[in-house]
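Take 905 as the starting number for the sequence shown in the working numbering and just add one per residue.
Quick reminder that beta carbons are idealized off the backbone N, C-alpha and C, glycines included.
Data block below; observations after.
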Amino acid sequence: MIPVECYFLLSTILFFIGFFGFITRRNLIAMLISVELVLNAVDMNFAVFNRFLFHGQFEGFFFTLFSIGVSAAESAVAIAIIINVYRKFHSDQVNSIENMKW
């Protein structure tokens, strides 16, 4: 059996890779992937805390499923926004959005 600390370490690494990617990238698709890494780290923590604290119960897994559903909806909306930005500015860089007006 794998110790719980290994799961927490993996989740922490995923979280910081996603956070670093979001801060340093200027491409909208790369930023979206980084946000998804952060959300996956949170989902992993939900599942591990459920297994560790409430063995045999499924509350953490239901939170994880809800979070995955929200992540899927967020990804669909974000990709739609990115497509519209690309159609208008012919670029997927964050700098092109700074010129948007009301």
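Option nearest residue i by Cα separation, candidates the options
i	options	result
V974	V989, L913, I906, E940	E940
L914	R930, L936, A951, A980	A951
H994	L932, C910, E963	L932
A980	E1002, F919, Q997, I937	I937
Residue i classed as buried or exposed, judged by whether at least 16 other C-beta atoms fall within 10 angstroms
i	result
F958	exposed
G960	exposed
A945	buried
M905	exposed
T968	buried
Residues that DSSP places opposite residue i in a beta bridge
i	result
Q997	N931
Three-way DSSP call (helix, strand, coil) for residue i in this model
i	result
M905	coil
F958	coil
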